[in-house]
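When you line the sequence shown up against our numbering, it's residues -18 to 387, in that order.
In this text, a Cβ means the ideal position worked out from N, Cα and C, and glycines have one as well.
Note that the structure is predicted; figures quoted are calculated from it, not measured.
Below you'll find the structure, written out as C-alpha coordinates, and then a few comments.
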Amino acid sequence: MSTTFKQRALDYHQRAPAGKLSIQVTKPTATQDDLSLAYSPGVAAPVRVIRDDPDAAYRYTAKGNLVAVITDGTAVLGLGDVGPLAAKPVMEGKAVLFKRFANIDVFDIEVVAPQPEDFINTVARIAGGFGGINLEDIAAPHCFEIEKRLSERLDIPVFHDDQHGTAIITAAALLNALEIQGKRLEDVKIVCLGAGAAGIASMRLLLRLGAHRSQIFMIDRKGVIHDQRADLNEHKQIFAQETEARTLEDACVDADVFIGLSGPDLFSQQMLRSMAPRPVVFALSNPDPEIMPELAHATRKDLIMATGRSDYPNQVNNVLGFPFIFRGALDVRARHITDAMHIAAVHALAQLAREPVPKSVLEAYGKDTLAFGPDYILPTPFDPRLIETIPAAVAQAARDSGVARI
-18 MSTTFKQRAL
-8 DYHQRAPAGK
2 LSIQVTKPTA
12 TQDDLSLAYS
22 PGVAAPVRVI
32 RDDPDAAYRY
42 TAKGNLVAVI
52 TDGTAVLGLG
62 DVGPLAAKPV
72 MEGKAVLFKR
82 FANIDVFDIE
92 VVAPQPEDFI
102 NTVARIAGGF
112 GGINLEDIAA
122 PHCFEIEKRL
132 SERLDIPVFH
142 DDQHGTAIIT
152 AAALLNALEI
162 QGKRLEDVKI
172 VCLGAGAAGI
182 ASMRLLLRLG
192 AHRSQIFMID
202 RKGVIHDQRA
212 DLNEHKQIFA
222 QETEARTLED
232 ACVDADVFIG
242 LSGPDLFSQQ
252 MLRSMAPRPV
262 VFALSNPDPE
272 IMPELAHATR
282 KDLIMATGRS
292 DYPNQVNNVL
302 GFPFIFRGAL
312 DVRARHITDA
322 MHIAAVHALA
332 QLAREPVPKS
342 VLEAYGKDTL
352 AFGPDYILPT
362 PFDPRLIETI
372 PAAVAQAARD
382 SGVARI
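As C-alpha coordinates, this is what we get:
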(Lines of atoms letter the chains of each structure in order from A and count residues from 1; the text may use other names and numbers.)
(Lines give C-alpha, C1' and ligand atoms only; values in the text may rest on other atoms or scores of the structure.)
Protein backbone atom coordinates (compact mmCIF):
# COMPACT_ATOMS: atom_id res chain seq x y z
CA MET A 1 0.00 0.00 0.00
CA SER A 2 1.52 3.31 -1.07
CA THR A 3 1.89 6.16 1.42
CA THR A 4 -0.47 8.31 -0.64
CA PHE A 5 -3.19 5.66 -0.80
CA LYS A 6 -2.84 4.91 2.90
CA GLN A 7 -3.37 8.58 3.73
CA ARG A 8 -6.37 8.77 1.40
CA ALA A 9 -7.88 5.76 3.19
CA LEU A 10 -7.29 7.34 6.60
CA ASP A 11 -8.79 10.64 5.45
CA TYR A 12 -11.79 8.80 4.01
CA HIS A 13 -12.52 7.05 7.30
CA GLN A 14 -11.98 10.02 9.61
CA ARG A 15 -13.99 12.57 7.62
CA ALA A 16 -16.95 13.66 9.78
CA PRO A 17 -18.92 11.71 10.76
CA ALA A 18 -16.16 9.21 11.51
CA GLY A 19 -16.50 5.68 10.18
CA LYS A 20 -18.85 4.50 7.42
CA LEU A 21 -22.22 3.88 9.13
CA SER A 22 -25.09 5.80 10.70
CA ILE A 23 -28.61 4.96 11.87
CA GLN A 24 -31.63 6.47 10.14
CA VAL A 25 -35.16 6.78 11.48
CA THR A 26 -37.70 5.17 9.11
CA LYS A 27 -41.00 6.48 10.54
CA PRO A 28 -42.35 10.04 10.98
CA THR A 29 -41.23 11.77 14.21
CA ALA A 30 -42.38 15.34 13.55
CA THR A 31 -45.27 15.57 16.00
CA GLN A 32 -46.25 14.59 19.51
CA ASP A 33 -48.60 12.00 18.04
CA ASP A 34 -45.73 10.48 16.01
CA LEU A 35 -43.65 10.09 19.16
CA SER A 36 -46.56 8.57 21.07
CA LEU A 37 -46.79 5.91 18.36
CA ALA A 38 -43.01 5.38 18.10
CA TYR A 39 -42.47 5.06 21.84
CA SER A 40 -44.76 5.27 24.84
CA PRO A 41 -47.62 4.42 24.91
CA GLY A 42 -47.97 3.18 21.30
CA VAL A 43 -44.98 0.86 21.34
CA ALA A 44 -46.72 -1.35 23.90
CA ALA A 45 -49.07 -2.65 21.21
CA PRO A 46 -46.43 -4.49 19.12
CA VAL A 47 -44.63 -5.57 22.31
CA ARG A 48 -47.72 -7.47 23.44
CA VAL A 49 -48.24 -9.04 20.02
CA ILE A 50 -44.61 -10.22 19.79
CA ARG A 51 -44.77 -11.58 23.35
CA ASP A 52 -47.60 -13.88 22.25
CA ASP A 53 -46.27 -14.57 18.73
CA PRO A 54 -42.47 -14.20 18.31
CA ASP A 55 -42.75 -14.39 14.51
CA ALA A 56 -44.67 -11.12 14.64
CA ALA A 57 -41.29 -9.43 15.18
CA TYR A 58 -40.85 -9.76 11.43
CA ARG A 59 -43.96 -7.57 10.93
CA TYR A 60 -43.45 -4.96 13.62
CA THR A 61 -39.66 -4.51 13.86
CA ALA A 62 -36.64 -4.26 11.56
CA LYS A 63 -35.62 -7.86 12.36
CA GLY A 64 -36.51 -9.19 8.91
CA ASN A 65 -34.03 -6.93 7.11
CA LEU A 66 -31.33 -6.77 9.77
CA VAL A 67 -28.11 -8.80 9.74
CA ALA A 68 -25.43 -8.86 12.44
CA VAL A 69 -21.90 -8.87 11.06
CA ILE A 70 -19.89 -10.37 13.92
CA THR A 71 -16.18 -11.03 14.42
CA ASP A 72 -13.62 -11.82 17.08
CA GLY A 73 -10.89 -10.18 15.00
CA THR A 74 -8.67 -13.26 14.79
CA ALA A 75 -8.26 -13.43 10.98
CA VAL A 76 -8.79 -9.96 9.53
CA LEU A 77 -8.03 -9.60 5.82
CA GLY A 78 -4.37 -10.51 5.38
CA LEU A 79 -3.46 -8.91 8.71
CA GLY A 80 -4.14 -11.86 11.00
CA ASP A 81 -5.19 -11.57 14.64
CA VAL A 82 -5.56 -7.81 15.09
CA GLY A 83 -8.25 -8.05 17.74
CA PRO A 84 -11.95 -7.16 17.70
CA LEU A 85 -11.67 -3.36 17.87
CA ALA A 86 -9.15 -3.11 15.03
CA ALA A 87 -11.52 -5.25 12.95
CA LYS A 88 -14.33 -2.68 13.23
CA PRO A 89 -13.45 -0.76 10.02
CA VAL A 90 -13.71 -4.03 8.09
CA MET A 91 -17.06 -4.89 9.68
CA GLU A 92 -18.35 -1.41 8.84
CA GLY A 93 -17.14 -1.97 5.29
CA LYS A 94 -19.05 -5.23 5.14
CA ALA A 95 -22.14 -3.38 6.27
CA VAL A 96 -21.68 -0.86 3.46
CA LEU A 97 -21.62 -3.69 0.91
CA PHE A 98 -24.74 -5.30 2.35
CA LYS A 99 -26.61 -2.00 2.10
CA ARG A 100 -25.21 -0.91 -1.27
CA PHE A 101 -25.82 -4.16 -3.13
CA ALA A 102 -28.85 -5.72 -1.40
CA ASN A 103 -30.42 -2.96 0.74
CA ILE A 104 -29.86 -4.98 3.91
CA ASP A 105 -29.31 -3.16 7.20
CA VAL A 106 -26.43 -4.23 9.42
CA PHE A 107 -25.22 -3.82 12.98
CA ASP A 108 -21.53 -4.62 13.23
CA ILE A 109 -20.56 -6.36 16.47
CA GLU A 110 -17.00 -6.97 17.65
CA VAL A 111 -16.72 -9.59 20.39
CA VAL A 112 -13.88 -10.13 22.84
CA ALA A 113 -13.99 -13.92 23.11
CA PRO A 114 -10.75 -15.85 23.75
CA GLN A 115 -12.51 -19.23 23.45
CA PRO A 116 -15.08 -20.45 20.90
CA GLU A 117 -17.54 -21.19 23.71
CA ASP A 118 -17.46 -17.52 24.78
CA PHE A 119 -18.12 -16.35 21.23
CA ILE A 120 -20.90 -18.88 20.60
CA ASN A 121 -22.74 -17.99 23.80
CA THR A 122 -22.44 -14.26 23.16
CA VAL A 123 -23.82 -14.52 19.64
CA ALA A 124 -26.60 -16.91 20.65
CA ARG A 125 -27.77 -14.55 23.39
CA ILE A 126 -28.12 -11.54 21.09
CA ALA A 127 -29.30 -13.32 17.93
CA GLY A 128 -33.04 -12.97 18.55
CA GLY A 129 -33.14 -9.39 17.31
CA PHE A 130 -31.66 -10.23 13.90
CA GLY A 131 -32.87 -11.86 10.72
CA GLY A 132 -29.45 -13.39 10.05
CA ILE A 133 -25.87 -13.69 11.31
CA ASN A 134 -22.83 -13.09 9.08
CA LEU A 135 -19.69 -14.39 10.77
CA GLU A 136 -16.56 -12.63 9.59
CA ASP A 137 -12.79 -12.88 9.93
CA ILE A 138 -12.69 -15.73 12.46
CA ALA A 139 -9.60 -17.93 12.33
CA ALA A 140 -9.64 -21.64 11.50
CA PRO A 141 -10.20 -24.15 12.96
CA HIS A 142 -12.41 -22.35 15.51
CA CYS A 143 -14.55 -20.89 12.72
CA PHE A 144 -15.82 -24.35 11.75
CA GLU A 145 -17.01 -25.19 15.26
CA ILE A 146 -18.51 -21.73 15.77
CA GLU A 147 -20.53 -21.79 12.58
CA LYS A 148 -21.72 -25.38 13.04
CA ARG A 149 -22.87 -24.90 16.60
CA LEU A 150 -24.56 -21.57 15.98
CA SER A 151 -26.36 -22.99 12.94
CA GLU A 152 -27.66 -25.83 15.11
CA ARG A 153 -28.61 -23.57 17.99
CA LEU A 154 -30.30 -20.68 16.15
CA ASP A 155 -33.37 -20.55 13.92
CA ILE A 156 -32.04 -17.80 11.64
CA PRO A 157 -29.43 -18.06 8.86
CA VAL A 158 -25.80 -18.25 9.99
CA PHE A 159 -23.21 -17.74 7.26
CA HIS A 160 -19.43 -17.52 7.56
CA ASP A 161 -18.47 -15.53 4.48
CA ASP A 162 -14.77 -16.36 4.62
CA GLN A 163 -15.78 -20.02 4.27
CA HIS A 164 -18.89 -20.21 2.17
CA GLY A 165 -18.84 -16.88 0.37
CA THR A 166 -15.40 -17.56 -1.01
CA ALA A 167 -16.35 -21.14 -1.82
CA ILE A 168 -19.47 -20.14 -3.75
CA ILE A 169 -17.77 -17.52 -5.92
CA THR A 170 -14.75 -19.75 -6.52
CA ALA A 171 -16.96 -22.67 -7.53
CA ALA A 172 -19.03 -20.58 -9.95
CA ALA A 173 -15.88 -19.21 -11.56
CA LEU A 174 -14.34 -22.67 -11.80
CA LEU A 175 -17.38 -24.23 -13.47
CA ASN A 176 -17.25 -21.55 -16.14
CA ALA A 177 -13.47 -21.69 -16.59
CA LEU A 178 -13.59 -25.47 -17.02
CA GLU A 179 -16.41 -25.12 -19.55
CA ILE A 180 -14.28 -22.74 -21.62
CA GLN A 181 -11.26 -25.04 -21.32
CA GLY A 182 -13.28 -28.05 -22.45
CA LYS A 183 -12.98 -29.92 -19.15
CA ARG A 184 -15.38 -31.35 -16.57
CA LEU A 185 -15.23 -30.95 -12.82
CA GLU A 186 -15.62 -34.72 -12.37
CA ASP A 187 -12.42 -35.37 -14.34
CA VAL A 188 -9.93 -32.70 -13.27
CA LYS A 189 -7.03 -32.82 -10.84
CA ILE A 190 -7.27 -29.89 -8.42
CA VAL A 191 -4.47 -28.43 -6.30
CA CYS A 192 -5.52 -26.13 -3.45
CA LEU A 193 -2.78 -24.16 -1.73
CA GLY A 194 -4.16 -23.14 1.64
CA ALA A 195 -6.07 -25.30 4.10
CA GLY A 196 -7.75 -22.63 6.19
CA ALA A 197 -11.42 -21.70 6.31
CA ALA A 198 -11.70 -20.65 2.67
CA GLY A 199 -9.68 -23.56 1.27
CA ILE A 200 -11.49 -26.30 3.16
CA ALA A 201 -14.95 -24.82 2.49
CA SER A 202 -14.15 -24.39 -1.20
CA MET A 203 -13.02 -27.98 -1.61
CA ARG A 204 -16.03 -29.29 0.32
CA LEU A 205 -18.34 -27.39 -2.02
CA LEU A 206 -16.54 -28.73 -5.09
CA LEU A 207 -17.09 -32.25 -3.77
CA ARG A 208 -20.83 -31.56 -3.53
CA LEU A 209 -20.76 -30.26 -7.09
CA GLY A 210 -19.17 -33.44 -8.43
CA ALA A 211 -15.39 -33.26 -7.95
CA HIS A 212 -13.69 -36.47 -6.80
CA ARG A 213 -11.92 -36.46 -3.45
CA SER A 214 -9.11 -38.59 -4.89
CA GLN A 215 -8.39 -35.76 -7.36
CA ILE A 216 -8.11 -32.96 -4.79
CA PHE A 217 -4.64 -32.24 -3.38
CA MET A 218 -4.55 -29.75 -0.52
CA ILE A 219 -1.35 -28.12 0.68
CA ASP A 220 -0.84 -26.42 4.04
CA ARG A 221 2.27 -24.93 5.63
CA LYS A 222 3.79 -28.41 6.08
CA GLY A 223 3.19 -29.56 2.52
CA VAL A 224 0.74 -31.95 0.91
CA ILE A 225 -2.03 -33.24 3.18
CA HIS A 226 -1.49 -37.00 2.92
CA ASP A 227 -2.61 -40.07 4.84
CA GLN A 228 0.73 -40.61 6.62
CA ARG A 229 0.56 -37.31 8.52
CA ALA A 230 -0.32 -37.49 12.19
CA ASP A 231 -0.89 -33.75 12.66
CA LEU A 232 -4.18 -33.31 10.77
CA ASN A 233 -7.34 -31.98 12.39
CA GLU A 234 -10.70 -33.48 11.45
CA HIS A 235 -11.28 -30.86 8.73
CA LYS A 236 -8.01 -31.54 6.95
CA GLN A 237 -8.29 -35.29 7.43
CA ILE A 238 -11.13 -35.38 4.90
CA PHE A 239 -8.63 -34.46 2.19
CA ALA A 240 -5.72 -36.69 3.23
CA GLN A 241 -4.50 -38.40 0.06
CA GLU A 242 -2.74 -41.70 -0.39
CA THR A 243 0.10 -40.22 -2.44
CA GLU A 244 3.86 -39.94 -2.73
CA ALA A 245 3.56 -36.19 -3.39
CA ARG A 246 4.92 -34.12 -0.55
CA THR A 247 5.41 -30.60 -1.88
CA LEU A 248 3.38 -28.09 -3.86
CA GLU A 249 5.72 -28.63 -6.77
CA ASP A 250 5.03 -32.38 -6.65
CA ALA A 251 1.27 -31.85 -6.54
CA CYS A 252 1.18 -29.44 -9.48
CA VAL A 253 2.47 -31.99 -12.00
CA ASP A 254 -0.34 -32.65 -14.51
CA ALA A 255 -2.84 -30.69 -12.42
CA ASP A 256 -5.74 -29.12 -14.31
CA VAL A 257 -6.61 -26.55 -11.64
CA PHE A 258 -4.59 -24.51 -9.16
CA ILE A 259 -6.50 -22.60 -6.47
CA GLY A 260 -4.42 -20.39 -4.22
CA LEU A 261 -5.88 -19.21 -0.92
CA SER A 262 -2.61 -18.65 0.87
CA GLY A 263 -0.03 -15.91 0.31
CA PRO A 264 1.93 -13.95 -2.29
CA ASP A 265 4.43 -15.40 -4.77
CA LEU A 266 4.10 -19.03 -3.66
CA PHE A 267 3.24 -20.44 -7.10
CA SER A 268 6.22 -20.50 -9.45
CA GLN A 269 6.58 -20.51 -13.21
CA GLN A 270 8.00 -24.02 -13.03
CA MET A 271 4.90 -25.24 -11.20
CA LEU A 272 2.69 -23.63 -13.82
CA ARG A 273 4.71 -25.19 -16.66
CA SER A 274 4.24 -28.64 -15.12
CA MET A 275 0.44 -28.41 -15.16
CA ALA A 276 -1.77 -30.17 -17.70
CA PRO A 277 -2.75 -28.52 -21.01
CA ARG A 278 -5.34 -25.71 -20.76
CA PRO A 279 -4.91 -25.13 -17.02
CA VAL A 280 -7.06 -22.97 -14.74
CA VAL A 281 -5.17 -20.82 -12.23
CA PHE A 282 -6.99 -18.97 -9.45
CA ALA A 283 -4.39 -16.99 -7.49
CA LEU A 284 -6.69 -15.51 -4.86
CA SER A 285 -4.32 -14.22 -2.19
CA ASN A 286 -5.13 -10.55 -1.78
CA PRO A 287 -3.77 -8.00 -2.49
CA ASP A 288 -0.72 -9.90 -3.72
CA PRO A 289 -1.58 -13.15 -5.52
CA GLU A 290 0.36 -16.41 -5.49
CA ILE A 291 1.53 -15.51 -9.00
CA MET A 292 1.01 -12.22 -10.83
CA PRO A 293 -1.19 -12.46 -13.94
CA GLU A 294 1.48 -10.93 -16.18
CA LEU A 295 3.95 -13.63 -15.19
CA ALA A 296 1.39 -16.40 -15.48
CA HIS A 297 0.28 -15.37 -18.98
CA ALA A 298 3.89 -15.02 -20.09
CA THR A 299 4.51 -18.58 -18.89
CA ARG A 300 1.42 -20.26 -20.36
CA LYS A 301 -0.67 -18.96 -23.24
CA ASP A 302 -3.37 -21.60 -22.76
CA LEU A 303 -4.44 -20.81 -19.21
CA ILE A 304 -7.46 -19.06 -17.69
CA MET A 305 -6.46 -16.84 -14.80
CA ALA A 306 -8.40 -15.29 -11.92
CA THR A 307 -7.33 -13.25 -8.90
CA GLY A 308 -8.96 -11.48 -5.98
CA ARG A 309 -8.03 -8.07 -7.40
CA SER A 310 -10.29 -5.61 -9.17
CA ASP A 311 -7.55 -4.36 -11.51
CA TYR A 312 -7.35 -7.65 -13.44
CA PRO A 313 -10.00 -9.63 -15.33
CA ASN A 314 -11.92 -12.37 -13.51
CA GLN A 315 -12.01 -10.99 -9.99
CA VAL A 316 -13.23 -13.59 -7.49
CA ASN A 317 -15.05 -11.15 -5.25
CA ASN A 318 -17.24 -12.18 -2.31
CA VAL A 319 -19.52 -9.20 -2.89
CA LEU A 320 -20.98 -11.26 -5.73
CA GLY A 321 -22.34 -13.63 -3.11
CA PHE A 322 -23.10 -12.70 0.48
CA PRO A 323 -25.45 -9.69 -0.06
CA PHE A 324 -27.61 -11.61 -2.51
CA ILE A 325 -27.54 -14.90 -0.58
CA PHE A 326 -28.77 -13.09 2.53
CA ARG A 327 -31.32 -11.16 0.47
CA GLY A 328 -32.81 -14.44 -0.73
CA ALA A 329 -32.70 -15.97 2.75
CA LEU A 330 -34.29 -12.93 4.41
CA ASP A 331 -37.01 -12.63 1.77
CA VAL A 332 -38.40 -16.04 2.75
CA ARG A 333 -37.46 -15.70 6.45
CA ALA A 334 -35.23 -18.76 6.21
CA ARG A 335 -34.35 -20.60 9.40
CA HIS A 336 -30.98 -21.76 8.03
CA ILE A 337 -28.75 -21.49 4.97
CA THR A 338 -28.49 -24.99 3.51
CA ASP A 339 -26.09 -26.71 1.14
CA ALA A 340 -28.82 -26.55 -1.50
CA MET A 341 -28.91 -22.75 -1.14
CA HIS A 342 -25.13 -22.61 -1.61
CA ILE A 343 -25.36 -24.72 -4.76
CA ALA A 344 -28.27 -22.68 -6.12
CA ALA A 345 -26.16 -19.54 -5.74
CA VAL A 346 -23.24 -21.20 -7.55
CA HIS A 347 -25.31 -22.19 -10.57
CA ALA A 348 -27.20 -18.88 -10.75
CA LEU A 349 -23.95 -16.92 -10.64
CA ALA A 350 -22.26 -19.13 -13.22
CA GLN A 351 -25.22 -18.90 -15.58
CA LEU A 352 -25.43 -15.12 -15.28
CA ALA A 353 -21.87 -14.79 -16.64
CA ARG A 354 -23.02 -16.58 -19.80
CA GLU A 355 -25.77 -14.04 -20.53
CA PRO A 356 -25.30 -10.88 -22.66
CA VAL A 357 -23.82 -8.06 -20.56
CA PRO A 358 -26.05 -4.98 -20.02
CA LYS A 359 -24.94 -1.65 -21.44
CA SER A 360 -24.86 -0.11 -17.96
CA VAL A 361 -22.17 -2.58 -16.91
CA LEU A 362 -20.03 -1.79 -19.96
CA GLU A 363 -20.31 1.92 -19.16
CA ALA A 364 -19.43 1.39 -15.49
CA TYR A 365 -16.23 -0.40 -16.49
CA GLY A 366 -15.39 1.72 -19.52
CA LYS A 367 -15.57 -1.20 -21.95
CA ASP A 368 -17.04 -1.58 -25.42
CA THR A 369 -17.60 -5.31 -25.12
CA LEU A 370 -17.67 -7.93 -22.39
CA ALA A 371 -18.68 -11.50 -23.13
CA PHE A 372 -18.37 -14.97 -21.63
CA GLY A 373 -14.84 -16.17 -22.30
CA PRO A 374 -11.33 -16.47 -20.82
CA ASP A 375 -11.39 -12.90 -19.47
CA TYR A 376 -15.00 -12.93 -18.29
CA ILE A 377 -15.98 -15.96 -16.22
CA LEU A 378 -17.96 -14.11 -13.52
CA PRO A 379 -20.41 -11.20 -13.56
CA THR A 380 -19.13 -7.86 -12.29
CA PRO A 381 -20.27 -6.55 -8.87
CA PHE A 382 -22.17 -3.70 -10.54
CA ASP A 383 -24.28 -5.99 -12.71
CA PRO A 384 -27.90 -4.99 -11.89
CA ARG A 385 -29.11 -8.51 -12.67
CA LEU A 386 -27.39 -9.95 -9.57
CA ILE A 387 -30.14 -8.67 -7.27
CA GLU A 388 -32.77 -10.14 -9.58
CA THR A 389 -31.30 -13.61 -10.07
CA ILE A 390 -29.22 -14.73 -7.08
CA PRO A 391 -31.78 -13.99 -4.32
CA ALA A 392 -34.54 -15.65 -6.33
CA ALA A 393 -32.49 -18.82 -6.78
CA VAL A 394 -31.50 -18.89 -3.10
CA ALA A 395 -35.08 -18.24 -1.95
CA GLN A 396 -36.41 -21.08 -4.12
CA ALA A 397 -33.75 -23.44 -2.75
CA ALA A 398 -34.78 -22.42 0.78
CA ARG A 399 -38.38 -23.31 -0.01
CA ASP A 400 -37.34 -26.60 -1.55
CA SER A 401 -35.13 -27.33 1.48
CA GLY A 402 -38.03 -26.73 3.87
CA VAL A 403 -36.28 -23.93 5.80
CA ALA A 404 -38.41 -21.03 4.51
CA ARG A 405 -41.03 -19.57 6.87
CA ILE A 406 -42.88 -17.91 3.99
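CA-CA distance, T319 and A325? As a position in the sequence shown, residue 319 is number 338, starting the count at 1. As a position in the sequence shown, residue 325 is number 344, starting the count at 1. Going from the Cα of T319 to the Cα of A325 covers about 10 Å.
Any idea what DSSP makes of M252, helix, strand or coil? Sequence index remark: in the sequence shown, residue 252 carries index 271 (1-based). If DSSP states are grouped into helix, strand and coil, M252 belongs with the helices.
Once DSSP output is grouped into helix, strand and coil, what is the label at V48? Position 67 of the sequence shown, counted from the start, is the residue given in the question as residue 48. Of the three classes helix, strand and coil, the one that applies to V48 here is strand, per DSSP.
Cβ shell of A376 (< 6 Å), same chain only, five flanking positions each side left out: Along the sequence shown, read from residue 1 onward, the residue named residue 376 stands at position 395. Closer than 6 Å at the Cβ level, and outside the excluded window around A376, lie G309, D312 and V313.
In terms of residue numbering, what span does the beta strand (DSSP E) encompassing L116 cover? Numbered from 1 along the sequence shown, position 135 holds the residue referred to as residue 116. G113 to L116 is the span of the beta strand (DSSP E), which, as asked, contains L116.
Using DSSP with H/G/I as helix, E/B as strand and the rest coil, what is L60? Counting from one through the sequence shown, the residue named residue 60 turns up at place 79. Coil at L60, not helix or strand.
C-beta atoms of P294 and D237 nearer than 7 Å: The residue labelled residue 294 in the question sits at position 313 within the sequence shown. The residue labelled residue 237 in the question sits at position 256 within the sequence shown. Not in contact: P294 and D237 (Cβ atoms no closer than 7 Å).
Nearest residue (CA-CA) to D118, options L333, G74, E336 and I387: The count along the sequence shown starts at 1 and reaches residue 118 at position 137. Answer by Cα proximity: G74.
Rounded to whole angstroms, what is the Cα-Cα separation between P381 and H216? As a working mapping, residue 381 is identified with position 400 in the sequence shown. As a working mapping, residue 216 is identified with position 235 in the sequence shown. The sequence given here has Asp at residue 381, not Pro. Roughly 28 Å separates the two Cα atoms.
Determine the DSSP secondary structure at Y346, reduced to helix, strand or coil. Taking the first residue of the sequence shown as 1, we reach residue 346 at position 365. Coil.
Would the segment 53 to 63 count as touching the segment 16 to 31 if we require 3 or more Cβ pairs under 8 Å? no
Below 6 Å, is the gap between the Cβ of T280 and the nearest heavy atom of the ligand ATP? As presented, the structure is devoid of all ligands, the ligand ATP included, so that no description of it is given.
Where Y20 sits in the DSSP three-state scheme: Translated into positions along the sequence shown, residue 20 becomes position 39. Under the three-state reduction of DSSP output, Y20 falls in the coil class, being neither helix nor strand.
Can you tell me the Cα-Cα spacing of Y70 and P258, whole angstroms? Taking the sequence shown and counting its residues from 1, the one referred to as residue 70 is at position 89. Taking the sequence shown and counting its residues from 1, the one referred to as residue 258 is at position 277. With the sequence shown as reference, residue 70 is identified as Pro, and Tyr is not the correct amino acid for it. Each residue's Cα considered, the two are about 43 Å apart.
Could you tell me whether the segment 35 to 53 touches the segment 266 to 273, using the rule of 3 or more Cβ pairs below 8 Å? Between the segment 35 to 53 and the segment 266 to 273, the count of C-beta pairs closer than 8 Å stays below three; the two stretches do not touch.
Output yes or no for whether 7 Å exceeds the beta carbon distance between F303 and G146. One-based indexing of the sequence shown puts residue 303 at position 322. One-based indexing of the sequence shown puts residue 146 at position 165. Taking 7 Å as the Cβ cut-off, F303 and G146 qualify as a contacting pair.
Could you check where the beta strand (DSSP E) with M273 kicks off and where it finishes? Within the sequence shown, residue 273 is the residue found at index 292, counting from 1. Per DSSP, M273 lies in no beta strand (DSSP E) and is assigned neither H nor E.
So, with DSSP's three-state summary, where would you put G354? Numbered from its first residue, the sequence shown carries residue 354 at position 373. Looking at G354 - three-state DSSP - the assignment turns out to be strand.
Residue span of the beta strand (DSSP E) that contains L174, given as start and end: Within the sequence shown, numbered from 1, the residue matching residue 174 stands at position 193. Note, L174: beta strand (DSSP E), I171 to L174.
Given that a residue counts as buried once 16 or more other Cβ atoms are within 10 Å of its Cβ, and exposed if not, what is D201? Numbered from 1 along the sequence shown, position 220 holds the residue referred to as residue 201. D201 should be labelled buried.
Taking all protein chains shown into account, decide if V297 is buried (16 or more other Cβ within 10 angstroms of its Cβ) or exposed. One-based indexing of the sequence shown puts residue 297 at position 316. The residue is buried, with at least 16 neighbouring Cβ atoms inside 10 Å.
Name, in chain order, the residues that DSSP records as bridge partners for A264. Along the sequence shown, one-based indexing puts residue 264 at 283. Per DSSP, G241 and T288.
Rounded to the nearest angstrom, how far is the Cβ of I171 from that of L156, given a contact under 8 Å? For this step, residue 171 is matched to residue 190 along the sequence shown. For this step, residue 156 is matched to residue 175 along the sequence shown. Actually they are not in contact, since the Cβ atoms of I171 and L156 sit about 13 Å apart, beyond 8 Å.
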